[in-house]
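Shown next, in structure tokens, is the structure this report addresses.
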């Protein structure tokens with residue numbers, strides 16, 4: 001996958017485009033989560049990730065849902081950190 005394919009454009013409350021780098025997608029407790037990192041206007045990346053629950057709408061199209069339950073968000077973030085640590089550990 002090239003770098004351009006990792007870019008997802010979402011729109012803020014004023015309908016302005018905001019680009020994010022797709023970092024990971026994973027399943028946890030029968031839900032699918034997507035982890036994004038905002039790309040700032042000058043091309044730099046933000047240092048805070050955003051995690052959404054990935055759902056399907058009535059037509060089967062992907063829908064990113066804001067996670068409002070703090071316990072669910074904490075669990076998803078912990079799983080992302082665990083997956084990140086697994087990638088960083090050298091294989092023996």
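In full-length UniProt numbering, the protein residues as written are 1 to 92. Glycine included, C-beta positions come from ideal geometry on N, C-alpha and C.
Classify residue i: buried if its beta carbon has 16 or more other beta carbons within 10 angstroms, exposed otherwise.
i, result
"residue 51", "buried"
"residue 82", "exposed"
"residue 76", "buried"
Distance check for residue j and residue i, CA to CA, integer angstroms please.
i, j, result
"residue 18", "residue 62", "18 Å"
"residue 5", "residue 12", "21 Å"
So, for residue i: in the same chain, excluding its five sequence neighbours on each side, which residues have a beta-carbon less than 6 Å away from its beta-carbon?
i, result
"residue 32", "54"
"residue 10", "18"
Per DSSP, residue i forms a beta bridge with which residues?
i, result
"residue 26", "33"
"residue 10", "18"
"residue 55", "63"
With a threshold of 8 Å on Cβ separation, who are the neighbours of residue i within its own chain once the five nearest residues in sequence on each side are excluded?
i, result
"residue 98", "Because the chain in this structure spans residues 1 to 92, residue 98 falls outside the shown range and cannot be described."
By Cβ distance below 7 Å, which residues in the same chain neighbour residue i in space, the five residues on each side in sequence not counted?
i, result
"residue 65", "52, 53, 55"
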